[in-house]
Amino acid sequence: MNKKYIKIKTAAQASGLRARRLFAFFLLAATLALAAAALAEPENVNLRVMFTNDIHGHALPGDTDWGLARFAAVARQLNADLILDAGDLYHGLPFATLDSGGGMADAARAVGFDAMTVGNHDWSYGRNQLLSLEARSGVPILTANVVDDKSGKPFFSTRYLIKEIRGVKVGVFGVIDPAIQRATAASILDGLTYIDAVETARTVADELRALGCDIVICLTHTANRTQIADRVPTIDIVITGHNQILSMERVNNTFVAESGWALQTICYIDIIYNAQSRRITEILPIAMTPEYFADVLPDPDVAAVIDEISARFEPILSEIAGNTPVRLEGAAAIIRSEETNLSRVVTDAYLYATGAEISLENSAAMRATIEPGDITFGEIAAVSPFGNYLVVKRIAGRAIAEALERSADIFTQARLALELDDSSLWPDNDGSGLHVGGISFYYDNEMPEGRRVWGIMVGGEPLDPDRLYTVAMSNFIAKHDEYPTIRDAETLFEMYSCEEAIRRYIQEVGVDKSIGAPRMSVLQYKYLPDASDGLDVVIIGGAAAPQTAVMISPNIFPPIVNAAGIAGCVYLLAGLFLK
Numbered sequence: 159m160n161k162k163y164i165k166i167k168t169a170a171q172a173s174g175l176r177a178r179r180l181f182a183f184f185l186l187a188a189t190l191a192l193a194a195a196a197l198a199e200p201e202n203v204n205l206r207v208m209f210t211n212d213i214h215g216h217a218l219p220g221d222t223d224w225g226l227a228r229f230a231a232v233a234r235q236l237n238a239d240l241i242l243d244a245g246d247l248y249h250g251l252p253f254a255t256l257d258s259g260g261g262m263a264d265a266a267r268a269v270g271f272d273a274m275t276v277g278n279h280d281w282s283y284g285r286n287q288l289l290s291l292e293a294r295s296g297v298p299i300l301t302a303n304v305v306d307d308k309s310g311k312p313f314f315s316t317r318y319l320i321k322e323i324r325g326v327k328v329g330v331f332g333v334i335d336p337a338i339q340r341a342t343a344a345s346i347l348d349g350l351t352y353i354d355a356v357e358t359a360r361t362v363a364d365e366l367r368a369l370g371c372d373i374v375i376c377l378t379h380t381a382n383r384t385q386i387a388d389r390v391p392t393i394d395i396v397i398t399g400h401n402q403i404l405s406m407e408r409v410n411n412t413f414v415a416e417s418g419w420a421l422q423t424i425c426y427i428d429i430i431y432n433a434q435s436r437r438i439t440e441i442l443p444i445a446m447t448p449e450y451f452a453d454v455l456p457d458p459d460v461a462a463v464i465d466e467i468s469a470r471f472e473p474i475l476s477e478i479a480g481n482t483p484v485r486l487e488g489a490a491a492i493i494r495s496e497e498t499n500l501s502r503v504v505t506d507a508y509l510y511a512t513g514a515e516i517s518l519e520n521s522a523a524m525r526a527t528i529e530p531g532d533i534t535f536g537e538i539a540a541v542s543p544f545g546n547y548l549v550v551k552r553i554a555g556r557a558i559a560e561a562l563e564r565s566a567d568i569f570t571q572a573r574l575a576l577e578l579d580d581s582s583l584w585p586d587n588d589g590s591g592l593h594v595g596g597i598s599f600y601y602d603n604e605m606p607e608g609r610r611v612w613g614i615m616v617g618g619e620p621l622d623p624d625r626l627y628t629v630a631m632s633n634f635i636a637k638h639d640e641y642p643t644i645r646d647a648e649t650l651f652e653m654y655s656c657e658e659a660i661r662r663y664i665q666e667v668g669v670d671k672s673i674g675a676p677r678m679s680v681l682q683y684k685y686l687p688d689a690s691d692g693l694d695v696v697i698i699g700g701a702a703a704p705q706t707a708v709m710i711s712p713n714i715f716p717p718i719v720n721a722a723g724i725a726g727c728v729y730l731l732a733g734l735f736l737k
């Protein structure tokens, strides 16, 4: 089986008609190649499998995703024989969470998915609701290795799907990786066990072969994309989810594919099967970004279902979660250059939801301002519109300090650009600055990069560089290359969406305790020499310590301000000298 891989990238260099012509060329070339193969060997059968993973509630069209109505139209145009999903379909954006996945179930039924496997976030509403969503969508959840502890039987009733396509029998089954079991709340999975995925895959694949399946496809939500292909040679194709990457590759004799996330690409695999030799002779994977189908109109039936669901959600989005006495600032230029009261509410919400000691969120994750008065669910969804979810990691104090130093550099550049009103000075990574909860510190714009952050306090104590802290954050930060010390840290568990965490916090706690509790203060100081005693007066500015005057020796000031845990010493000196 010769590997062929066409990966069509974005059309930044060939927009509009040129992009569509480019796609048409590739599609025509692929079609001609398949037709030639069929003419050469009349026994050849071409099967087309479309697949998705990690949709996370992105049913509506957006700037970077297709929307399910347009996806369905493309599936019809391409005459897909199977439409499969590798998990995390039912949880993410408000479209998914507002009615515990029901809207996504209705949309999935309209699209006509043939089967899916369960992702770790599909459990978020509880096991009984997940079974209800399976029934409501009509999309069987194929996950053979989730077992009920009492009965010893698989939790999901459908073990596999067998579909005959133009005389070729295709078997599809699914498993979930036990390594990501901790990514689901333990209370939800109490009484259920993820048994070995590889051994289960081997058993079910052999069973499908014994039932006469000519092609065997495995769906899996997994941290290790290649482990099943490495160890189960009787599987032809493995479609994966969870890593949220676009990848198509051959592993031994098995083809492994993942489609990214949030419908940012349309992916399918053409399989050429020779009925005479009873084997696959060719696999041709295709990946496309939305502009290649710019002229394709959304499927009207699916669009009608999604419109009805959206209309059903309008009253929910108008519901009031709480109120705020002040404007919660989320303007991009401000929140990307300094801490705001909105960022305090968001990071405190993460602490409340997870019980972690520290919380982090990047500037670009908060996308709207909330005006004084009542706060609606819709306004909260606008603040956190990405369907991101909470991740809790265990991170050493030293690694946290390194990340804060990197963040301080981003804020420093953005603040300078804002003050000078010079857009050319804005850093390219301006949305990556970290807002924090559960932790406080100063950063000094006038010190060089790597020596800006000082006085880091956690729970009233100086940050211990060797201690491991629990840190809550969005999944975006958890995987962000901007902060490798965070990205590479151990993940403890994952939870529901960030938007849901914010909503619960505003409903159950309110914003009052957060809006006036700053934790990131810019140090603004100047020396006022005092020749009588050799000491200088230093003015510390910033929300956490506005205009605090501290007398200290100029000879020891620079190293002190960059030592973690010095805040107590500073205030002690202030008490001695400023009576």
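Here my numbering is used: the first residue of the sequence shown is 159, the next is one more, and so on. We put the CB at the ideal spot given by N, CA and C, even for glycine. These numbers were taken from a predicted model, which means no experiment stands behind them.
Determine the burial state of Asp453: buried for a count of at least 16 other Cβ atoms within 10 Å of its Cβ, exposed for fewer.
Translated into the one-based positions of the sequence shown, residue 453 becomes position 295. When all chains shown are included, Asp453 counts as exposed.
What are the start and end residues of the alpha helix (DSSP H) that includes Gly260?
By one-based count along the sequence shown, residue 260 stands at place 102. Gly260 -> alpha helix (DSSP H) spans Gly260 to Val269.
Taking Ala523 as part of the alpha helix (DSSP H), name the residues at either end of that continuous run.
On the sequence shown, position 365 is the one that residue 523 refers to. Here Ala523 belongs to no alpha helix (DSSP H), and DSSP marks it neither H nor E.
Whole alpha helix (DSSP H) runs in the region 508-573 with 4 or more residues, listed along the chain?
535-541
Distance CB(Arg494)-CB(Ser672) smaller than 7 Å:
Residue numbering aside, residue 494 sits at position 336 when the sequence shown is read from its first letter. Residue numbering aside, residue 672 sits at position 514 when the sequence shown is read from its first letter. Cβ distance not < 7 Å, so Arg494 and Ser672 don't count as in contact.
Which residues in the same chain have their Cβ closer than 8 Å to the Cβ of Leu236, if we skip the five residues on either side of it in sequence?
As a first step, residue 236 must be located in the sequence shown, where it is residue number 78. Only Arg206, Met208 and Tyr426 meet the Cβ criterion.
With distances taken from CA atoms, which of Thr534, Gly674, Leu226 and Arg552 is nearest Ala636?
On the sequence shown, position 478 is the one that residue 636 refers to. Nearest C-alpha to Ala636: Arg552.
Rounded to a whole number of angstroms, what is the C-alpha to C-alpha distance between Arg267 and Gly215?
Residue mapping note: residue 267 aligns to position 109 of the sequence shown, counting from 1. Residue mapping note: residue 215 aligns to position 57 of the sequence shown, counting from 1. When rounded, the distance between both Cα atoms is 14 Å.
Cβ separation of Thr398 and Thr378, assumed to be a contact under 8 Å, to the nearest whole Å:
Counted from its first residue, the sequence shown places residue 398 at position 240. Counted from its first residue, the sequence shown places residue 378 at position 220. 5 Å between Cβ atoms; contact.
Please identify the residue among Asp624, Asp622, Tyr641 and Glu416 whose C-alpha is closest to the C-alpha of Met631.
On the sequence shown, position 473 is the one that residue 631 refers to. For Met631, the nearest C-alpha among the options comes from Tyr641.
Which two residues bound the contiguous beta strand (DSSP E) that contains Cys425?
The residue you call residue 425 lines up with position 267 of the sequence shown. Ile424 to Asn432 is the extent of the beta strand (DSSP E) around Cys425.
Which of helix, strand or coil DSSP assigns to Gly617
Position 459 of the sequence shown holds residue 617. Gly617 falls in the coil class under three-state DSSP.
Quick check: the Cα distance between Thr358 and Val333, rounded to an integer number of angstroms?
Within the sequence shown, the letter at position 200 stands for residue 358. Within the sequence shown, the letter at position 175 stands for residue 333. Roughly 7 Å separates the two Cα atoms.
Three-way DSSP call (helix, strand, coil) for Tyr318 in this model
Mapped onto the sequence shown, residue 318 falls at position 160. In the three-state reduction of the DSSP assignment, Tyr318 falls in the coil class, being assigned neither a helical nor a strand state.
Flag this pair as yes or no: are the beta carbons of Gly259 and Leu218 separated by less than 7 Å?
Within the sequence shown, residue 259 is the residue found at index 101, counting from 1. Within the sequence shown, residue 218 is the residue found at index 60, counting from 1. Against a cut-off of 7 Å, the Cβ pair of Leu218 and Gly259 comes out as no contact.
Which term fits Ile338, buried or exposed, when burial requires 16 or more other beta carbons within 10 angstroms of its beta carbon?
Here the question's residue 338 lines up with position 180 in the sequence shown. Per the 10 Å Cβ criterion, buried.
Through-space distance from Ala575 to Gly245, alpha-carbon basis
Your numbering for residue 245 matches position 87 in the sequence shown. Your numbering for residue 575 matches position 417 in the sequence shown. Approximately 42 Å between the Cα atoms of the pair.
Is it right to say Val484 is buried, meaning 16 or more other beta carbons lie within 10 angstroms of its own, or is it exposed?
In the sequence shown, counting from the first residue as 1, residue 484 sits at position 326. Taking a 10 Å sphere around the C-beta of Val484, we find fewer than 16 other C-beta atoms and assign the residue as exposed.
C-beta neighbour in chain B for Ala490, strict 7 Å:
Structure shown: chain B not included; a single protein chain is present.
Under the assumption that Leu486 contacts Leu509 (Cβ atoms under 8 Å), give the Cβ distance between them as a whole number of angstroms.
Numbered from 1 along the sequence shown, position 328 holds the residue referred to as residue 486. Numbered from 1 along the sequence shown, position 351 holds the residue referred to as residue 509. Your pair Leu486 and Leu509 does not check out as a contact, with CB atoms roughly 17 Å apart and the cut at 8 Å.
Is the beta carbon of Ile299 less than 7 Å from the beta carbon of Met274?
Taking the sequence shown and counting its residues from 1, one reaches residue 299 at position 141. Taking the sequence shown and counting its residues from 1, one reaches residue 274 at position 116. Cβ distance < 7 Å, so Ile299 and Met274 count as in contact.
Thr628 in three-state terms, based on DSSP:
As a first step, residue 628 is located in the sequence shown; it is residue number 470 there, counting from the start. Three-state DSSP puts Thr628 in a strand.
Reducing DSSP to helix, strand and coil, say where Met159 ends up.
Taking the sequence shown and counting its residues from 1, the one referred to as residue 159 is at position 1. Because the pLDDT of Met159 is 34, which lies under 50, any placement of that residue in the model is unreliable, and the question is left without a value.
Rounded straight-line distance, which links the Cα of Val594 to that of Met678:
Taking the sequence shown and counting its residues from 1, the one referred to as residue 678 is at position 520. Taking the sequence shown and counting its residues from 1, the one referred to as residue 594 is at position 436. Rounded to the nearest angstrom, the two C-alpha atoms are 8 Å apart.
Residue from Gly674, Thr210, Ile478 and Ile386 whose Cα sits closest to the Cα of Glu666
As a position in the sequence shown, residue 666 is number 508, starting the count at 1. Of the listed residues, the one whose Cα sits closest to Glu666 is Ile478.
Hey, out of Ile353, Tyr352 and Cys376, whose CA is closest to Ala363's CA?
In the sequence shown, counting from the first residue as 1, residue 363 sits at position 205. Considering only alpha carbons, the answer is Cys376.
C-beta atoms of Asp372 and Val326 nearer than 7 Å
Sequence index remark: in the sequence shown, residue 372 carries index 214 (1-based). Sequence index remark: in the sequence shown, residue 326 carries index 168 (1-based). For Asp372 and Val326, yes; Cβs fall inside 7 Å.
Just to confirm before moving on: does the CB-CB distance between Gly555 and Asp622 stay below 7 Å?
For the purposes of this step, residue 555 is taken as the residue at position 397 of the sequence shown. For the purposes of this step, residue 622 is taken as the residue at position 464 of the sequence shown. The answer is yes: Cβ separation under 7 Å.
How about Phe451 and Val550: do their beta carbons lie closer than 7 Å?
To locate residue 451, count along the sequence shown from 1; it is residue 293. To locate residue 550, count along the sequence shown from 1; it is residue 392. Between Phe451 and Val550, the C-beta gap is not smaller than 7 Å, which leaves the two residues out of contact.
Where Pro473 and Gly536 are concerned, what is the direct C-alpha to C-alpha distance, given to the nearest angstrom?
As a first step, residue 473 must be located in the sequence shown, where it is residue number 315. As a first step, residue 536 must be located in the sequence shown, where it is residue number 378. Their backbone Cα atoms lie some 10 Å apart in a straight line.
Looking at Gly284 and Ile346, is the spacing between their C-beta atoms short of 7 Å?
For the purposes of this step, residue 346 is taken as residue 188 along the sequence shown, with counting starting at 1. For the purposes of this step, residue 284 is taken as residue 126 along the sequence shown, with counting starting at 1. For Ile346 and Gly284, yes; Cβs fall inside 7 Å.
Backbone secondary structure at Ser690 - three-state DSSP
What you label residue 690 is simply residue 532 of the sequence shown in a count that begins at 1. Caution applies to Ser690, whose pLDDT of 44 falls short of 50 and renders its modelled position unreliable; the value that the coordinates give is listed next. In the structure shown, Ser690 sits in coil (DSSP, three-state: anything other than H, G, I, E or B).
Could you spell out the range, first to last residue, of the alpha helix (DSSP H) harbouring Phe253?
On the sequence shown, position 95 is the one that residue 253 refers to. DSSP places Phe253 inside the alpha helix (DSSP H), whose first and last residues are Pro252 to Thr255.
Thinking C-beta only, is Ile660 closer than 7 Å to Val542?
Start at 1 with the first residue of the sequence shown, and residue 542 comes out as number 384. Start at 1 with the first residue of the sequence shown, and residue 660 comes out as number 502. Per the sequence presented here, residue 542 reads as Ser, with Val not at that position. Closer than 7 Å, so yes.
Just to confirm my understanding: we take Gly589, look at its own chain, exclude 5 residues before and 5 after, and list those with CB closer than 7 Å. What are they?
Along the sequence shown, one-based indexing puts residue 589 at 431. Here the set comprises Arg494, Asn520, Ser521 and Ala522.
Can you tell me which of Asp602, Gly617, Leu548 and Ser565 puts its alpha carbon nearest to the alpha carbon of Ala341?
For the purposes of this step, residue 341 is taken as the residue at position 183 of the sequence shown. Checking every option, the nearest Cα to that of Ala341 belongs to Leu548.
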